[in-house]
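Following my numbering, the numbering of the sequence shown begins with 5 at its first residue and continues without gaps. Glycine included, every Cβ here is placed at the ideal spot set by N, Cα and C. These numbers come from a predicted model, not from an experiment.
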Amino acid sequence: MIRAVITGSGSVLPAQCVTNDDLAQRVDTTDEWIQERTGIRQRYIAGEGETTSSLATGAARKALEDAGIDASEIGLIILATATPDHTFPATATQVQANLGCRGGVAFDVHAVCSGFLYALGTADSLLRTGMAKKALVIGAETFSRILDWEDRTTCVLFGDGAGAVVLEAKDVEEDGPGILATRLHADGEHRELLYVDGGPSTTGEVGKLRMKGREVFRHAVVNLADVLKEVLEDASIDAADVDWVVPHQANARILDATARKLNLAPEKVIVTVDQHANTSAASVPLALDVAKKDGRIKPGDLVMFEAMGGGFTWGASLARM
Numbered sequence: 005m006i007r008a009v010i011t012g013s014g015s016v017l018p019a020q021c022v023t024n025d026d027l028a029q030r031v032d033t034t035d036e037w038i039q040e041r042t043g044i045r046q047r048y049i050a051g052e053g054e055t056t057s058s059l060a061t062g063a064a065r066k067a068l069e070d071a072g073i074d075a076s077e078i079g080l081i082i083l084a085t086a087t088p089d090h091t092f093p094a095t096a097t098q099v100q101a102n103l104g105c106r107g108g109v110a111f112d113v114h115a116v117c118s119g120f121l122y123a124l125g126t127a128d129s130l131l132r133t134g135m136a137k138k139a140l141v142i143g144a145e146t147f148s149r150i151l152d153w154e155d156r157t158t159c160v161l162f163g164d165g166a167g168a169v170v171l172e173a174k175d176v177e178e179d180g181p182g183i184l185a186t187r188l189h190a191d192g193e194h195r196e197l198l199y200v201d202g203g204p205s206t207t208g209e210v211g212k213l214r215m216k217g218r219e220v221f222r223h224a225v226v227n228l229a230d231v232l233k234e235v236l237e238d239a240s241i242d243a244a245d246v247d248w249v250v251p252h253q254a255n256a257r258i259l260d261a262t263a264r265k266l267n268l269a270p271e272k273v274i275v276t277v278d279q280h281a282n283t284s285a286a287s288v289p290l291a292l293d294v295a296k297k298d299g300r301i302k303p304g305d306l307v308m309f310e311a312m313g314g315g316f317t318w319g320a321s322l323a324r325m
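Structural data, given as structure tokens:
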């Protein structure tokens, strides 16, 4: 059977690391307050010359190197981001130009923190139907550019970064590698709980991020647990057989609550939120790359990806590495 197989990964972080103590010099907060509520210790903030496209390009190049292929072989680039370089053209086309792989398909996906899952599911479908043979799926954000730095309840939560994977369409056995199942959802009725208060069609300005944290937390735990069950059922896999869960790195409390709801062992959950904070669409591929590079995730492992973001949007995907 033809499956989309993850053959490489890569990630990039901005040069500037900002600790909780650094933020305490800027807003009314403390390291203890942030860690107790979120598990975050630091994050990386994009500086001058660091953009969503530059971070995405860096992550893509590392993923290509890891996969051992040239950029000219890529026929599809899907970039998940809520912070594009420009309103248009798609930031994916800038990444394509940077890489020098002209002529293939390149577009952005906008599903906020679930964006990488939406992009992964889309790329999986296009590869299996023959639209391309090799693809780059990227999550990249410069969320620091849309934060209200006077709102301590939100500005401490987010960071910038990029992660990417190479997907290749391969003919594999039933127990072989590749994406096994994906489920995606959205519910626009809850947009007021997590949104940006601007845009080209409304205010004509970029706007700032606004969030009602308690309500988001409640929806996240329920929605993520449900979609994980759906994917396991679709793939005919028991939760106990999953080797690793790579979740969206929103908040350590959400990660813990979701794992408990599914009776997943905490040591199976990849956690990088303490190092990177919430990097929105970049968080899942960033965490995947960290766990691959440090040797935790190995070929043959069953890995579950999951995320929920503004919209609300949410989803999960199960892959054998």
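Gln100, enclosing alpha helix (DSSP H) - first and last residue:
Position 96 of the sequence shown holds residue 100. Thr95 to Leu103 is the span of the alpha helix (DSSP H), which, as asked, contains Gln100.
Which residue comes first and which comes last in the beta strand (DSSP E) that contains His189?
Start at 1 with the first residue of the sequence shown, and residue 189 comes out as number 185. Taken as a continuous stretch (DSSP letters only), the beta strand (DSSP E) holding His189 covers Gly182 to Ala190.
For Val160 and Gly180, I'd like the C-alpha separation in whole angstroms.
Taking the sequence shown and counting its residues from 1, the one referred to as residue 160 is at position 156. Taking the sequence shown and counting its residues from 1, the one referred to as residue 180 is at position 176. Whole-angstrom Cα-Cα distance: 41 angstroms.
Of the residues Ser205, Ala185, Leu306 and Phe162, the one placed nearest Cys117, counting alpha carbons only:
As a first step, residue 117 must be located in the sequence shown, where it is residue number 113. Minimum Cα distance to Cys117 is reached at Phe162.
Identify whether Pro88 lies in helix, strand or coil by the three-state DSSP scheme.
Here the question's residue 88 lines up with position 84 in the sequence shown. It is coil, neither helix nor strand.
Looking at the structure shown, is Gly51 part of a helix, part of a strand, or coil, going by DSSP?
In the sequence shown, counting from the first residue as 1, residue 51 sits at position 47. Three-state DSSP puts Gly51 in coil, outside helix and strand.
Complete alpha helix (DSSP H) runs within the region 114–187 (minimum length 4 residues, chain order):
119–132 and 156–159
Span separating the alpha-carbon of Ala144 from that of Ser57
As a first step, residue 144 is located in the sequence shown; it is residue number 140 there, counting from the start. As a first step, residue 57 is located in the sequence shown; it is residue number 53 there, counting from the start. Distance between the alpha carbons of Ala144 and Ser57: 8 angstroms.
Cβ neighbours of Asp245 in the same chain (closer than 7 angstroms, five flanking residues each side left out):
Position 241 of the sequence shown, counted from the first residue, corresponds to residue 245. Cβ neighbours of Asp245 beyond the five flanking positions: Leu306.
Using a threshold of 8 angstroms, state whether the C-beta atoms of Lys297 and Met325 are closer than that.
Within the sequence shown, numbered from 1, the residue matching residue 297 stands at position 293. Within the sequence shown, numbered from 1, the residue matching residue 325 stands at position 321. No. Outside cutoff.
On a CA-only basis, which of Trp318, Met215, Arg214 and Ser284 is nearest Glu234? Give me that one, please.
For the purposes of this step, residue 234 is taken as the residue at position 230 of the sequence shown. Nearest C-alpha to Glu234 among Trp318, Met215, Arg214 and Ser284: Trp318.
Helix, strand or coil for Asp32 per DSSP?
Taking the first residue of the sequence shown as position 1, residue 32 is located at position 28. In the structure shown, Asp32 sits in coil (DSSP, three-state: anything other than H, G, I, E or B).
Which of helix, strand or coil DSSP assigns to Gly319:
Counting from 1 along the sequence shown, the entry for residue 319 is found at position 315. Strand, per DSSP.
Going by the DSSP bridge assignment, what does Phe111 pair with across the sheet?
Reading the sequence shown from its first residue, position 107 is the one you call residue 111. DSSP lists Ile82 as partners of Phe111.
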